[in-house]
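Chains as they are written, first to last, in this note's numbering: chain A, 1 to 133; chain B, 1001 to 1088. Here the structure comes first, spelled out in structure tokens, and everything after it is commentary.
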Amino acid sequence: MFLSAQRVRSDGGVEGINAFHYLHGPFTWHGMPPAGVPDQNPGTLVAHTIAVAPPGNHVRSFLDVIAPDDASWSEIRPAFITFVSAAQRTPLPWAGVFGRCLFRINMDRATASRWSHEIADLYRAVQAVRIGG
Amino acid sequence: MIGLAARYRELLMELLLSRELAGGSLPESIESDTVEELDRCWWALTAAEQAAIESELNSDVSPTAELDLRTVDSELTSGSRVLPRRAA
């Protein structure tokens, strides 16, 4: 499973968060996510929420969550907290594997000035887009 | 098993993100449970660990970031197998 939320801004200045939910079907893993997921194998897009219609909008920030399709939020959330806690004093972009989950976060400088709010906004967006909660 | 200092930082992050996700504040019972655990953890730290964390908190700054991600979003439809963004 690949969940992604990204804040985008159109050339006209309209800004919002788009979110995407991809599934990997029977392709699962028990340790670290396999190489190639998600950059060569994002899975199949099964749901999305669109605030600003693509394509071509500037991406200002994003949060990627890569986890087995069956991973619950009770598994993802503590791994995410550990990830952010470990990364927060390092320069962006952040990436790390915790348990069965891979997380990636990046944001531009202006967005990074309110990084904790932004992370919460992006996390809410990936939670909301996931089919089946 | 993580160290106590790492655990303390995790608890702080949990509290911060939980507040943000809840829109600014948490129910008092949840807030007080976390604060109690933070307190227990704090007094179990060494003086050096406490000093290091206090220094971090006092110098709280935004993470270093690029001015622009130089990335744009992609056209996607249900069933797509492409990433939602690409280099500009």
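Glycine included, C-beta positions come from ideal geometry on N, C-alpha and C.
With 16 or more neighbouring CB atoms inside 10 Å of its own CB, tryptophan 94 (chain A) falls in the buried class. Annotated three-state conformation of glutamate 1010 (chain B) is helix, per DSSP. In the three-state DSSP reduction, arginine 1081 (chain B) falls in the coil class, being neither helix nor strand. Pairing alanine 1088 (chain B) with phenylalanine 2 (chain A), the inter-Cα distance amounts to about 22 Å. Put simply, the CB of methionine 107 (chain A) is near chain B, with a gap under 9 Å to one of its CB atoms. Counting along the chain, threonine 1071 (chain B) sits inside the beta strand (DSSP E) bounded by residues 1071–1073. By alpha-carbon distance to histidine 58 (chain A), the top candidate from B:Arg1081, B:Val1061, B:Arg1070 is B:Arg1070.
Here the stretch 1031–1049 of chain B makes contact with the stretch 1002–1010 of chain B; the two share three or more CB pairs at distances below 8 Å.
Taking the Cβ atoms as the reference, aspartate 69 (chain A) lies roughly 6 Å from threonine 28 (chain A), within the contact range of under 8 Å.
Legend: CB atoms of the stretch 1039–1057 of chain B lying less than 9 Å from CB atoms of chain A belong to residues Glu1056. With 16 or more other Cβ atoms from the protein chains shown falling within 10 Å of its own Cβ, glutamate 118 (chain A) counts as buried. In terms of beta-carbon proximity, valine 1035 (chain B) stays away from the interface with chain A, with every pair separated by 9 Å or more. Within the DSSP bridge table, the entry for tryptophan 94 (chain A) names A:Ile105 as partners.
Under the 9 Å criterion on CB atoms, serine 72 (chain A) is classed as non-interfacial with respect to chain B. The stretch 1005–1061 of chain B is shown to contain whole alpha helix (DSSP H) runs of 4 or more residues at 1028–1044, 1047–1058, in chain order. Taking 9 Å as the CB threshold, threonine 111 (chain A) lines the interface with chain B.
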